[in-house]
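S.K.: Take this structure, written in structure tokens, and hold onto it; I'll ask about it next.
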Amino acid sequence: MKTETIMVIDDDQDLRESIVEILEDNGYTVTACATAEAALQALEDVTPRLVLVDNMMPGMGGMALLPLLKKDHPATKIIMITAFSTVDNAVAAMRGGADDYLSKPFKRDDLLMAVRRVLKILKFEQQATEPCMDEALTCLSNPIRRQILTALSANGEMRFMDITRALGISDHTKVNFHLENLKTNNLIGRNREKTYRLTPQGEKIIDCLHLLSKRIAS
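Below, the structure written as structure tokens:
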């Protein structure tokens with residue numbers, strides 16, 4: 009049975025209650041708050057493993073809350089909920105400390121998939137023991153970033169549309185989100201012809217990913 013504690017922060021009562029119901033039905037322990045201010049107060053008594061927070065709320069919004077969460081609870085993972093799926097919003101959320109994001113309206117399965125994916129990051133972090141593991145954790149914990157690295161390793165250089173086709177993902181914003189993450193971590197680069205390639209560090213991480221994959225499978 010799952011024992012992970014999740015906090016849901018959203019001023020939309022119907023959506024908040026719906027998310028809570030879905031998560032509780034799947035065995036999670038859930039704390040719900042209608043505002044970021046209420047969440048900060050609740051966080052004095054509980055440290056959730058995952059926080060789902062709406063980007064746009066009265067008072068303090070999700071983007072303003074991100075650095076406060078990361079400062080006081082660095083191990084807590086964050087999924088940003090946004091009504092506008094744009095590259096700028098996705099990149100801003102990632103740079104602010106979000107581990108993933110959900111665009112409204114989202115389906116039940118999309119919610120559960122994102123939650124399970126991000127919670128796996130914690131499991132991988134706990135299992136990391138080799139020196140190179142820390143660098144590879146974020147990439148391996150997210151299947152899209154792992155697939156991007158693998159595709160670039162196999163093909164050398166790839167354009168954006170080639171990457172989306174190789175991944176079989178039509179959501180270009182989501183692919184851009186993960187490409188920006190990999191670029192920020194200096195695992196991939198993009199040249200003047202706008203083709204992506206692995207950096208020397210990215211090539212090194214590929215070896216670490218193979219090592220982690222074997223560990224997870226064992």
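The working numbering puts the sequence shown at residues 9 to 226. Idealized CB from N, CA, C, for every residue including glycine. None of the values given here were measured: they were computed from a predicted structure.
(1) How far does the beta strand (DSSP E) with threonine 90 in it reach, from first residue to last?
(2) Helix, strand or coil, according to DSSP, for aspartate 215 in the structure here?
(3) DSSP three-state label for leucine 74, please.
(4) What first and last residue would you give for the beta strand (DSSP E) that runs through alanine 40?
(5) Check the C-beta distance from leucine 206 over to serine 161 and give it rounded, since I have them as a contact under 8 Å.
(6) Once you ignore the five residues that flank histidine 81 on each side, which residues in its own chain have a CB closer than 6 Å to its CB?
(7) Hey, out of Gln49, Ile86, Leu175, whose CA is closest to isoleucine 14's CA?
(8) What does the alpha-carbon distance come out to for the pair leucine 58 and threonine 84?
(9) DSSP on leucine 119, reduced to helix/strand/coil?
(10) With a threshold of 8 Å on Cβ separation, who are the neighbours of alanine 174 within its own chain once the five nearest residues in sequence on each side are excluded?
(11) For asparagine 97 and arginine 116, I'd like the C-alpha separation in whole angstroms.
(12) If we call anything under 8 Å between Cβ atoms a contact, is asparagine 244 one with threonine 90?
(13) For asparagine 63, which three-state DSSP category applies?
(14) Rounded to whole angstroms, how far is the Cβ of alanine 47 from the Cβ of methionine 71, which I believe are closer than 8 Å?
(15) Do valine 126 and aspartate 7 count as a contact pair if the criterion is CB distance below 8 Å?
M.R.: Judging by the given coordinates:
(1) Residue range 85-90 is occupied by the beta strand (DSSP E) that includes threonine 90.
(2) Looking at aspartate 215 - three-state DSSP - the assignment turns out to be helix.
(3) It is helical.
(4) Unbroken beta strand (DSSP E) run through alanine 40: 37-41.
(5) By a beta-carbon distance limit of 8 Å, leucine 206 contacts serine 161. Their separation comes to about 6 Å.
(6) Cβ neighbours of histidine 81 beyond the five flanking positions: Thr55.
(7) It is Ile86 whose Cα lies nearest to the Cα of isoleucine 14.
(8) Whole-angstrom Cα-Cα distance: 5 Å.
(9) In this structure, leucine 119 counts as helix in the three-state DSSP scheme.
(10) Same-chain partners within the cutoff: Gln155, Ala159, Asn163, Met166.
(11) Between asparagine 97 and arginine 116, the C-alpha separation is close to 22 Å.
(12) The structure shown does not extend to residue 244, since the chain is modelled only from 9 through 226, so no value can be given for it.
(13) Three-state DSSP puts asparagine 63 in coil, outside helix and strand.
(14) A Cβ-Cβ distance of about 14 Å is found for the pair alanine 47 and methionine 71, leaving them out of contact under the 8 Å criterion.
(15) No answer is possible for residue 7: it lies beyond the span of the chain, which begins at 9 and ends at 226.
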